[in-house]
Amino acid sequence: MTEATDLAAAASSADPRAGLRAVVALRRLLEGLERLQVANARAKGWSWQEIADALEVTRQGVHKKHAKLMPMPDPREG
1 MTEATDLAAA ASSADPRAGL RAVVALRRLL EGLERLQVAN ARAKGWSWQE
51 IADALEVTRQ GVHKKHAKLM PMPDPREG
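Just so we're aligned, residue 1 is where the sequence shown starts under full-length UniProt numbering, counting upward by one.
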């Protein structure tokens, strides 16, 4: 089984402590995956609006959440 599968199973545990810990771990995993894919999309030239549409959120929301994590382009390049 994969980490995500194990965590999903643990999230449905009858033990609230185990279930809540799994929820936290899943949230962290998903946040990391989102950062990775947003960076991938930006590297491929996607606009913030295209990313927002794919994530089903607003452009402002995705920009506020991720822009500070994205490397700034060097104006001397390109």
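We treat Cβ as the ideally placed atom computed from N, Cα and C, and that holds for glycine.
All figures in this text were calculated on a predicted structure; none of them were measured in a lab.
Close beta carbons around residue i, own chain, < 7 Å, minus the five adjacent residues each side
i     : result
Val23 : Ala11
Ala18 : Ala10
Three-way DSSP call (helix, strand, coil) for residue i in this model
i     : result
Val62 : helix
Asp15 : coil
Glu3  : helix
Trp46 : coil
Glu56 : coil
Cβ distance (whole Å) where residue i is taken to contact residue j below 8 Å
i     : j     : result
Ala52 : Thr58 : 6 Å
Leu26 : Leu7  : 5 Å
Met70 : Ala39 : 6 Å
Contacts around residue i, its chain only, beta-carbon distance under 6 Å, and the 5 residues preceding and following it disregarded
i     : result
His63 : Trp48
Chain D contact for residue i (CB, 9 Å cutoff)
i     : result
Ala41 : You won't find chain D in this structure, because it holds only one protein chain.
Same chain only: Cβ atoms within 8 Å of residue i, ignoring 5 sequence neighbours per side
i     : result
Leu29 : Glu3, Ala4, Leu7
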